[in-house]
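At position 80 of the sequence shown (counting the first as 1) the number is 80 in this note's numbering, and the numbers step up by one without a gap.
The C-beta atom is built at its ideal place from N, Cα and C for all residues, glycine as well.
Below: the structure, in structure tokens.
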Amino acid sequence: MLGPVRFTHIENCAREVCKVFKVEDEMQDCVSMLQSLDDILADLRGELANLKGETSPQTRDSKLEARSHLTKDYSTLRKSMDVAKARRQISAREKAIESVKKLINQQREEPPSPHAPSQSFMVSSRRQNSQLIHVWPV
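Right under this line is the structure:
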């Protein structure tokens, strides 16, 4: 290469390398954000389960142990370099955190009454001549 074409080529190569590094850096930030949001979400779900009284001390210990060993693997997301997908997952985690926080606030505001009817339902559906759905309180 001769003359100014050589400098244009060097400039273009440098620009492409900078774009790749920028995407890799942004992907690393997204993955670390996803991991921290996963931890927050797991803590909030544990708190919600405790408020609902669904866990015993043995169950809580096993969940903490499982959580420490079970971390999401984002290696395929890192390899794909799909920043848009990572941002969608971050948005989904943020919405899930918001939803669980609302449930926690509702649970704290409304203490369970021993005389309150059960809110669990068993649903059975059959399809023969027409659609039939039965809902029974449990």
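Under the criterion of beta carbons closer than 8 angstroms, L34 and I97 do not qualify as touching, at roughly 12 angstroms. Between the segment 46-53 and the segment 1-12, the count of C-beta pairs closer than 8 angstroms stays below three; the two stretches do not touch. In this structure, DSSP gives G46 a helical state, which the three-state scheme calls helix. Residues of the same chain with a CB within less than 7 angstroms of the CB of Q89, apart from the 5 flanking positions on each side, are L34 in chain order.
Counting only the Cα atoms, V23 lies some 17 angstroms from N12.
Between A86 and M27, the beta carbon gap of about 6 angstroms places them in contact (Cβ cut-off 8 angstroms). No Cβ-Cβ contact shorter than 9 angstroms links L77 with V20.
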